[in-house]
Structure formats: structure tokens, C-alpha cells
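Following the working numbering, the numbering of the sequence shown begins with 4 at its first residue and continues without gaps.
See structure below.
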Amino acid sequence: MQRRKFVQAAFAGASAMMVADTFGKTRSKKGFKVDSGKDRFNEPIKYRGVNPNDVKISAKDTDGQLSVFEYVGFQKIGPPLHVHFNQDEIFYVVEGEYLFQVDTEKSTLKAGDTIFLPQNVPHTWLQLSDKGKLVYFLQPAGQMEEFFKKMNELKGPPSEELVQQIHHAHGMKIVGPPISL
Numbered sequence: 004m005q006r007r008k009f010v011q012a013a014f015a016g017a018s019a020m021m022v023a024d025t026f027g028k029t030r031s032k033k034g035f036k037v038d039s040g041k042d043r044f045n046e047p048i049k050y051r052g053v054n055p056n057d058v059k060i061s062a063k064d065t066d067g068q069l070s071v072f073e074y075v076g077f078q079k080i081g082p083p084l085h086v087h088f089n090q091d092e093i094f095y096v097v098e099g100e101y102l103f104q105v106d107t108e109k110s111t112l113k114a115g116d117t118i119f120l121p122q123n124v125p126h127t128w129l130q131l132s133d134k135g136k137l138v139y140f141l142q143p144a145g146q147m148e149e150f151f152k153k154m155n156e157l158k159g160p161p162s163e164e165l166v167q168q169i170h171h172a173h174g175m176k177i178v179g180p181p182i183s184l
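Laid out in C-alpha cells, this is it:
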């Protein structure tokens, strides 16, 4: 009999915590617009100091459930092969051409194409065209905004050790080099 009461109490407690977690959030009740070429909070982030990587929907807007970024590339570059421990990523190519690698499989994407990158699977991409634009989603949002801000603050090229530390602090790990042509 006592075991049944314990199970019932545990279930009731867990249910109450889930309800409190759902209704205790501070999610905004209003929609918003982010203008073209603008960052959600007017705090633009430059990937590698050149390429705009603007927050369009912040983790703060969704209680950490989703974040959306717009990347405009002016260089034929991409990130090192890496994994996100807790986020799936979805990339939509708005303009240009990109080579994506998911685990060991490579795919070329052009404007209008979409690719899904599951968490804990190594992935990277390389911009192939002179100019490109991506819109990408992270679900759950994780700490990508903080990661990009931290990388943007660096003065000069960081050591590999520092880059790996920053990745780990934000739920990621570098597992290989970037794609090269």
C-alpha cells in the first residue's frame, strides 16, 4: 500500500512541476517584426568579423525553445566540423550555393533547399558562391546567441584550445576541420 501512495505522490509532484514550468514562463504575449538586414535587438553579430549573423527570433522570445538566425556570407568559408549536444539545426538557403556535410555525407544546396542537421551528429558547411544567405533554426535554442557574442568579442585569432573551450561552454564540440575545396 505504501508503494502505491509513493508512486501516486511522485506522479502528482512531477505533474505539478510540469504545469508550473509551462505556466511560469515569461514568454511575450505580443508578436514582433524584425526588419530586413536588422538584428532582433539591434546588436548585430559578425561571423569572423565580416559576415552578418543576425538574431531574428531569440531564445528569450521562446523560453529557450527556438532561435532563428539570418547569415549573409561574403566569404567562401564555413565552421569546423562540430556537434551540438542538445540542438537540432535546420538550414534554409535563401541565396547562393553551399556544400553541407552531415556525418560523412555531403550535399550541395542551392536557393530554396533545406537541410536538417540532428543533434549529436557531426556537421559543417562551406559557402561555394561569392555571396550567400542562410536562414537557420535551432531547436531547442540552446546558447547560440551567447556563443556568437563570445566569439565576436575575441581580439585576434584564438588558440584551438580556447575555441574548443568556448564551444564546450555553449553545448558544442569541434570534431574536425572545416570543409575545404
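Here a beta-carbon is modelled for each residue, glycine too, at the ideal position from N, C-alpha and C.
- Message: Taking its Cβ as the centre, do 16 or more other Cβ atoms sit within 10 Å of Ser61, making it buried, or is it exposed?
- Response: buried
- Query: Could you give the residue range of the alpha helix (DSSP H) that holds Gly166?
  - Reply: The displayed chain sequence assigns Val, not Gly, to residue 166. Here the alpha helix (DSSP H) through Val166 covers 163 to 172.
- Task: List the residues that DSSP assigns as beta-bridge partners of Thr117.
- Result: Tyr95
- Query: Would you say Pro180 and Leu112 are within 8 Å of each other, going by their C-beta atoms?
  - Reply: no
- Query: Count the other CB atoms within 10 Å of the CB of Val86; is the residue buried (16 or more) or exposed (fewer)?
  - Reply: buried
- Item | Secondary structure, beta strand (DSSP E): runs of 3+ residues fully inside the stretch 29 to 116 | 54 to 60, 70 to 76, 84 to 87, 91 to 98, 100 to 105, 108 to 113
- Pull up the distance between the alpha-carbon of His170 and that of Phe44, whole angstroms please. 23 Å
- Query: Would you call the CB atoms of Phe140 and Glu108 closer than 8 Å?
  - Reply: no
- Message: Using only the alpha-carbon positions, how far apart do Glu98 and Gln168 sit?
- Response: 32 Å
- Beta-carbon proximity of Leu70 to Glu148, cut-off 8 Å: It should be pointed out that residue 70 corresponds to Ser in this sequence rather than to Leu. Against a cut-off of 8 Å, the Cβ pair of Glu148 and Ser70 comes out as a contact.
- List the endpoints of the continuous alpha helix (DSSP H) containing Lys158. Per DSSP, Lys158 belongs to no alpha helix (DSSP H) and is neither H nor E.
- When the Cα atoms are used, what is the spatial distance from Pro160 to Thr127? 20 Å
- Local Cβ density within 10 Å of Phe35, reported as buried at 16 or more and exposed below that: exposed
- Item | Proximity winner among Gly145, Glu156, Val178, Ala172, relative to Thr65 (alpha-carbon distances) | Gly145
- For Val138, the residue or residues it bridges with in DSSP: Glu73, Tyr95
- Message: So, at 8 Å on beta carbons, what are the nonlocal neighbours of Gln78 in its own chain, with the 5 sequence-adjacent residues on each side left out?
- Response: Arg51, Val53, Asn54, Gln130
- Met133, buried or exposed, once every other Cβ within 10 Å from all chains shown has been counted against 16: Going by the sequence as given, residue 133 is Asp instead of Met. Exposed, because fewer than 16 other Cβ atoms sit within 10 Å of the Cβ of Asp133.
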